[in-house]
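K.L.:
I have a structure here, written as C-alpha cells, and I will follow up with some questions on it.
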Amino acid sequence: MIKDTKARAMILICILAVALGLRLWGLGVQEFVGDEGAYAFRSALYLDYLGTNFQTQPIDWYASTELPSWTQLSFHDHPPLGFLIRHWFFSIFGATPFVARLPGVLLGVCSIGLLYGILRRSPIFKDASESYALWGALLASVSGAMIWSSRAVLLEPFALFFILASLYAFTRFTEDRRWWWALGIALGLSLITKYTTIILLPVFLVYLLVYYRRIFRDVRLYGALLLALLFLSPVISYNFNLYKERGHFDLQLAYVFQQATPEWTGLLGKSEAPFREIGGRTRDLYGVSEIIIGLAGLGVIALFWKRANKKTVVLWAAYIIGCFGLFVLVGVAERFIVLLVPAMVALGAVLFGEMFDRSGKGIKKYIAPALLILIVFSGSTRYLANVYNTGVIELDQYLSKEFQDTSSVALPNTENPHLNGIIKKNAEAHSSGRPTRTLIVYSDTLALPSRLWLFDRRLLLEGIPVFYVEGFSEAVKANPAVFQGFSAYFMQATEYGFLNPFKKGNQAGNEFEKTLVSQGIEPVRSIYGHDGLPMFRVYTFTIES
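The letter at position 511 of the sequence shown is residue 511 when you use this note's numbering, and the numbering goes up by one with no holes.
Printed below as a string of C-alpha cells:
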C-alpha cells in the first residue's frame, strides 16, 4: 500500500513516461500495414476519396456538378473526427508517417491516465488501495494490444480514448449529476469518431437500470444525451441527405441494415472473420496474455466476492458483454478486439494487487508481478520490431528527399474537376519551391493504401504529376511534345510487397521495366523489406521526343 501522495504521483508519472517511450519507439519508420496508408492519406488532405471504382465517394458521384454542402459533414464510411484530428496534426507538423501516428500515441498515453482514474475512483475491491490503480496503469502501459492501438493509423486510438473518457465521466456522473455535460461531450465525441463506440449506450443503460433507476427522472441525464446528439448532428445530417439522394446510409450503417449499395460493390473492410474465429484473431493481436490475466483477475474477484465493489464489477461485466455483442454483430478483427483490452487490464489489476499484497516482504513481492509484466510486454515486440516492413515508408522518405523544396512547372490534371481544384489550391502553396520538370510513374499492382499514401498524396497535396504505367504510356503517345524533356521516376513494386490482389496479374509494370533495362537503364535505388526481400526498384529516365 502506497500512502504517500507524492510517491503515488511520481510512480504514475514514471509509468506514463514508460508508456510514452514504448509508443514513440521507432514511430517514424514503422511500416503502414493494412488500411493505414489510406487513413493517413485521407487525413492529410481531409478528403473523402479512395480512387477506386468499386468503392466510390460523393466526390465521384457529383464530378460534373457542384458538391452538395452536406457531403463535407462526414465521410462515406466513417464519422469524421478521427480524420480531422490527424489532419490538424498534419497541418501543423507536416504529412509524415511519424506525424500520422503521433496523435494516437499521445491519446494512448492519456488513455492510461483515464484508466488509472477510473480504477482509482471506482475500485473493484472496496478496500483496494490506490496501488491497484497503479498496477492497472502499468499493465496498460506495456500491453502489446494497447501499444498497437496507440501506434495504429486507424480510428481505434481515438475511439479507445473517448470510450475511456466516457466511462470516467459516467462514473463521475453517477456520483455527481453536475458531470452531465462531461458525459454528453465524451459520449458525443466517441460516436462521431467511430460507430463501434455505441456499445457504451447499452452498457450505461444496464448499469443505471440495476443501480440508479431514479436517475431516469433527472433531466440532466437527457441533457447529456441531447449534448451527445448535438456533437453527432453532422453525421446524422450527412446520413439523412445521403439516404434522400442515394437510398441508403453510409457504408457502415448500410452494412448493418443490409441496404443495397451499388456504389460500394467491394465494401472495403467488411470481410471480417466471424465470431467463432475470435481465438485466432486475438493471437494475431498479441492480446492473449492480457485476456488470460483479466480472466485470472475475474477468478480472484469471485474468490473474494464479499470484498468486491459490486457496482464496479457490474459496470465492467456489462462492458465486456457489450464488446462480445459487437463482435457477434460485425465480426472479429484486431482493431475490434482491442476494445476489450481495457476491461481485461482493469480485472488484471486486481490479480496484480492481490499477488503483490500476499507475496510476503522484500523482493518476493515483486517477482511474480514482474514476470507477468514481462509476458505482457513480450506481445509488443512485434510492433516495435517492425516485422511487417514492405518498404513503403523507406520509399516515401526517398521520394520526400528527392522532391524536397521543389514545385512542378506542369500542373497535373485529372478527369474530376473537384480534384483539379484541390491540386491547384495545394500546388499554389508549394509554388515557392525550385521549379522542376519531373513526374512519377508507378506500377499499378501496388496495394491501394500504399498507392494512396505514396502517389495520390503527392499528386493532390504537392501537385506532382503522377501516372500509373498504362496511363503514362497513353498520355505520352497522345501528346509527346508536352512530356519532352521531363525527368521521370518509375517505381516498380515487386511480388514480395503489399500488392493489390485484384491486379497481381497485371504485367504492364513488368513490361515497362523490361523496356527500361533493354535501354541500359539500371535501378538508382533498390528498397528491401522483411527477410531482406526486395520490395521496390526505382528507375530514373528522361523522356525524349
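All residues carry an ideal CB built from backbone N, CA and C; glycine is no exception.
Since we're looking at a predicted model, the values are computed, not measured.
Which value, in whole angstroms, describes the spacing of the CA atoms of Ile147 and Thr542?
P.N.:
On the sequence shown, residue 147 is found 147 positions in, with the first residue counted as 1. On the sequence shown, residue 542 is found 542 positions in, with the first residue counted as 1. Approximately 45 Å between the Cα atoms of the pair.
K.L.:
Do you know offhand how far Met355's Cα is from Asp127's?
P.N.:
The residue given as residue 355 occupies position 355 in the sequence shown. The residue given as residue 127 occupies position 127 in the sequence shown. Taking the straight line joining both Cα atoms gives about 15 Å.
K.L.:
Under 8 Å Cβ to Cβ from Phe304, same chain only, skipping five residues before and after it: list those, please.
P.N.:
Here residue 304 corresponds to residue number 304 of the sequence shown, with the count starting at 1. Hits under 8 Å: Phe125, Glu354.
K.L.:
Classify Val387 as helix, strand or coil using the three-state DSSP reduction.
P.N.:
As a first step, residue 387 is located in the sequence shown; it is residue number 387 there, counting from the start. Residue state, collapsed to three classes: coil.
K.L.:
Check the DSSP bridge columns for Ser407 and list the partner residues they point to.
P.N.:
For the purposes of this step, residue 407 is identified with residue 407 of the sequence shown, where counting begins at 1. Answer is Pro435, bridged to Ser407.
K.L.:
If you draw a straight line from the C-alpha of Ser473 to the C-alpha of Gly485, how long is it?
P.N.:
Within the sequence shown, numbered from 1, the residue matching residue 473 stands at position 473. Within the sequence shown, numbered from 1, the residue matching residue 485 stands at position 485. Rounded to the nearest angstrom, the two C-alpha atoms are 15 Å apart.
K.L.:
Could you name the residues of the same chain whose beta carbon sits closer than 8 Å to that of Thr445, not counting the 5 residues immediately before and after it, in chain order?
P.N.:
Taking the sequence shown and counting its residues from 1, the one referred to as residue 445 is at position 445. Taken in chain order, the residues that qualify are Ala493, Leu499, Asn500, Lys503, Lys504, Asn506, Gly509.
K.L.:
Kindly list the residues whose CB is nearer than 6 Å to the CB of Asp48, restricted to its own chain and excluding five residues on each side of it in sequence; keep chain order.
P.N.:
For the purposes of this step, residue 48 is taken as residue 48 along the sequence shown, with counting starting at 1. Gln57, Phe75, His76.
K.L.:
Between Leu439 and Val409, how many whole angstroms is the CB-CB distance? I'm expecting something under 8 Å.
P.N.:
Locating residue 439 in the sequence shown gives position 439, where the first residue counts as 1. Locating residue 409 in the sequence shown gives position 409, where the first residue counts as 1. Not a contact, Cβ separation roughly 11 Å.
K.L.:
Helix, strand or coil for Ile440? Go by DSSP, reduced to three states.
P.N.:
Position 440 of the sequence shown, counted from the start, is the residue given in the question as residue 440. In the structure shown, Ile440 sits in a strand (DSSP, three-state: E or B).
K.L.:
Would you grab the beta carbon distance between Leu448 and Leu50 for me? Rounded to a whole angstrom, and I think it's under 8 Å.
P.N.:
Residue numbering aside, residue 448 sits at position 448 when the sequence shown is read from its first letter. Residue numbering aside, residue 50 sits at position 50 when the sequence shown is read from its first letter. Leu448 to Leu50, Cβ: 7 Å. Contact.
K.L.:
Taking Ile393 as the reference, give the member of His87, Ile59, Arg101 with the closest Cα.
P.N.:
Here residue 393 refers to the residue found at position 393 of the sequence shown. Cα-wise, what sits closest to Ile393 is Arg101.
K.L.:
Can you list, in chain order, the residues of its chain whose CB lies under 7 Å from that of Pro435, leaving out five sequence neighbours each side?
P.N.:
Indexing the sequence shown from 1 puts residue 435 at position 435. Hits under 7 Å: Ser407, Val409.
K.L.:
So which of Ile85, Val482, Gly108, Leu295 has the shortest CA-CA distance to Thr193?
P.N.:
Numbered from 1 along the sequence shown, position 193 holds the residue referred to as residue 193. Nearest of Ile85, Val482, Gly108, Leu295 to Thr193, Cα basis: Ile85.
K.L.:
Residues in its own chain within less than 7 Å of Gly269 by CB, not counting five upstream and five downstream?
P.N.:
Along the sequence shown, read from residue 1 onward, the residue named residue 269 stands at position 269. Model confidence at Gly269 stands at a pLDDT of 48, short of 50, so the residue's coordinates are unreliable and nothing is read from them.
K.L.:
Give the secondary structure of Val332 by DSSP, where H, G and I count as helix, E and B as strand, and everything else as coil.
P.N.:
By 1-based counting over the sequence shown, the position of residue 332 is 332. Looking at Val332 - three-state DSSP - the assignment turns out to be strand.
K.L.:
With DSSP run on the structure shown, which of helix, strand or coil describes Leu499?
P.N.:
Taking the sequence shown and counting its residues from 1, the one referred to as residue 499 is at position 499. In the structure shown, Leu499 sits in a strand (DSSP, three-state: E or B).
K.L.:
Just curious, the beta strand (DSSP E) that Phe490 is in, first and last residue?
P.N.:
Translated into positions along the sequence shown, residue 490 becomes position 490. Run containing Phe490: 487-493, per the beta strand (DSSP E) assignment.
K.L.:
Between the alpha carbons of Glu175 and Ala169, how many angstroms are there, rounded?
P.N.:
Indexing the sequence shown from 1 puts residue 175 at position 175. Indexing the sequence shown from 1 puts residue 169 at position 169. In a straight line, the C-alpha of Glu175 is about 10 Å away from that of Ala169.
K.L.:
If you run the structure through DSSP and keep just helix, strand and coil, what is Val99?
P.N.:
Locating residue 99 in the sequence shown gives position 99, where the first residue counts as 1. Reduced to three states, the DSSP call for Val99 is helix.
K.L.:
Could you give the DSSP three-state label for Val29: helix, strand or coil?
P.N.:
Your numbering for residue 29 matches position 29 in the sequence shown. Residue state, collapsed to three classes: coil.
K.L.:
With distances taken between CB atoms, is the gap from Ala186 to Ala165 smaller than 8 Å?
P.N.:
Indexing the sequence shown from 1 puts residue 186 at position 186. Indexing the sequence shown from 1 puts residue 165 at position 165. Cβ distance < 8 Å, so Ala186 and Ala165 count as in contact.
K.L.:
Closest by CA to Ala9, which one among Ile92, Pro68, Ala133, Trp25?
P.N.:
Counting from 1 along the sequence shown, the entry for residue 9 is found at position 9. Ranking the options by Cα distance to Ala9, first place goes to Ala133.
K.L.:
Quick check on DSSP: helix, strand or coil for Pro548?
P.N.:
There is simply no residue 548 to check, as the chain begins at 1 and stops at 545 in what is shown.
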